[in-house]
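K.L.:
The numbering used here puts the first residue of the sequence shown at 2, with every later residue one more than the last. Every residue, glycine too, gets a C-beta built ideally from N, C-alpha and C. I'd like to ask you about the structure that follows.
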Amino acid sequence: GSGTGALQGTVAATVSGGVATFTTLAQSTPGTITLEFTGGGLTSPPSVPIVVSPGPAAKLVIQTQPSATATAGQALATQPVIYEEDQNGNLEIGDNSTVVTVSLNSGTGVLHGTTTATMTGGVATFKNIEEDTAETIALEFTGAGLTSLPTSPIAVSSATATQLVIVTPQ
Numbered sequence: 002g003s004g005t006g007a008l009q010g011t012v013a014a015t016v017s018g019g020v021a022t023f024t025t026l027a028q029s030t031p032g033t034i035t036l037e038f039t040g041g042g043l044t045s046p047p048s049v050p051i052v053v054s055p056g057p058a059a060k061l062v063i064q065t066q067p068s069a070t071a072t073a074g075q076a077l078a079t080q081p082v083i084y085e086e087d088q089n090g091n092l093e094i095g096d097n098s099t100v101v102t103v104s105l106n107s108g109t110g111v112l113h114g115t116t117t118a119t120m121t122g123g124v125a126t127f128k129n130i131e132e133d134t135a136e137t138i139a140l141e142f143t144g145a146g147l148t149s150l151p152t153s154p155i156a157v158s159s160a161t162a163t164q165l166v167i168v169t170p171q
């Protein structure tokens, strides 16, 4: 046959009354496959094409980690990219509607920027995420009833001073 990935399950069956029945065949890689059967020196022609779709969404995965360092009040140089995958790690390419939200997993500040992104082909790309408090933070992502693992730590440093302020005691 054709297709990618390994065919799973019991791939051999004993012929009984001229019929071989396969009951546990599975494919974990999405795509179009065909099957061929061999036995007793005979080979079948390929089966009709079988379309294997990803399973239901099972996890949000951080495909692109955000920058490890940042400056308070400035957008992260590298913005996070999130994948929605099935239990076998296949991208949910048919999801063009799930809204994913970013939030602080650790840290006390407030995230700014576009804190939601809509999946396109199972991929959510964030823009302009920033944090105003100088501290170490981690982000997490939620959507479709799923929550990602936290990002790697992000060390947010103070912004460069831009002015001096004179304060008089009262």
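For Leu92, write down the residues that DSSP places opposite it in a beta bridge.
P.N.:
Glu86, per the DSSP bridge assignment.
K.L.:
If Leu61 sits next to Phe142, beta carbons under 8 Å apart, how far is it from one beta carbon to the other, in whole angstroms?
P.N.:
The Cβ separation is near 5 Å, so the contact holds.
K.L.:
Do you know how far the Cα of Pro57 is from the Cα of Ala14?
P.N.:
Ala14 and Pro57: Cα-Cα distance of roughly 29 Å.
K.L.:
Assess, as a yes-or-no matter, whether the region 41–53 is touched by the region 120–136 under the definition of 3 or more beta carbon pairs within less than 8 Å.
P.N.:
Contact between the region 120–136 and the region 41–53 is absent, because fewer than three Cβ pairs lie under 8 Å.
K.L.:
Quick one: any contact between the region 113–129 and the region 151–163, if contact means 3 or more CB pairs under 8 Å?
P.N.:
Judged by Cβ distances under 8 Å, the region 113–129 makes no contact with the region 151–163, as fewer than three pairs qualify.
K.L.:
Ends of the beta strand (DSSP E) at Glu141?
P.N.:
Residues Thr137 to Gly144.
K.L.:
Mapping the DSSP letters down to three states, classify Thr115 as helix, strand or coil.
P.N.:
Of the three classes helix, strand and coil, the one that applies to Thr115 here is strand, per DSSP.
K.L.:
Indicate the three-state DSSP secondary structure (helix, strand or coil) for Ala125 in the structure shown.
P.N.:
Reduced to three states, the DSSP call for Ala125 is strand.
K.L.:
Can you name, in chain order, every residue of its own chain whose Cβ lies under 8 Å from the Cβ of Phe38, other than the five neighbours on each side?
P.N.:
Contacts found: Ala21, Thr44 and Ser45.
K.L.:
Take Leu8 and list the residues in its own chain whose beta-carbon comes closer than 7 Å to its own, dropping the five residues that flank it on each side.
P.N.:
Cβ neighbours of Leu8 beyond the five flanking positions: Leu26 and Gln28.
K.L.:
Out of His113, Gln64, Ser153 and Ala139, which has the shortest C-alpha to C-alpha gap to Val82?
P.N.:
For the residues His113, Gln64, Ser153 and Ala139, the minimum Cα distance to Val82 belongs to Gln64.
K.L.:
For Ala71 and Val100, I'd like the C-alpha separation in whole angstroms.
P.N.:
The alpha-carbon atoms of Ala71 and Val100 are separated by roughly 25 Å.
K.L.:
Given a cut-off of 9 Å, decide if Asn106 and Pro67 are closer than it, judged by their beta-carbon atoms.
P.N.:
Against a cut-off of 9 Å, the Cβ pair of Asn106 and Pro67 comes out as no contact.
K.L.:
For Phe23, collect the residues of the same chain with a Cβ closer than 8 Å to its Cβ; drop the 5 residues on either side in sequence, then sort them by chain order.
P.N.:
Cβ within range, chain order: Gly10, Thr11, Val12 and Ala14.
K.L.:
Kindly indicate which residue of Gly108, Ser149 and Pro55 has the alpha-carbon position closest to the one of Thr33.
P.N.:
With distances taken between Cα atoms, Thr33 lies closest to Pro55.
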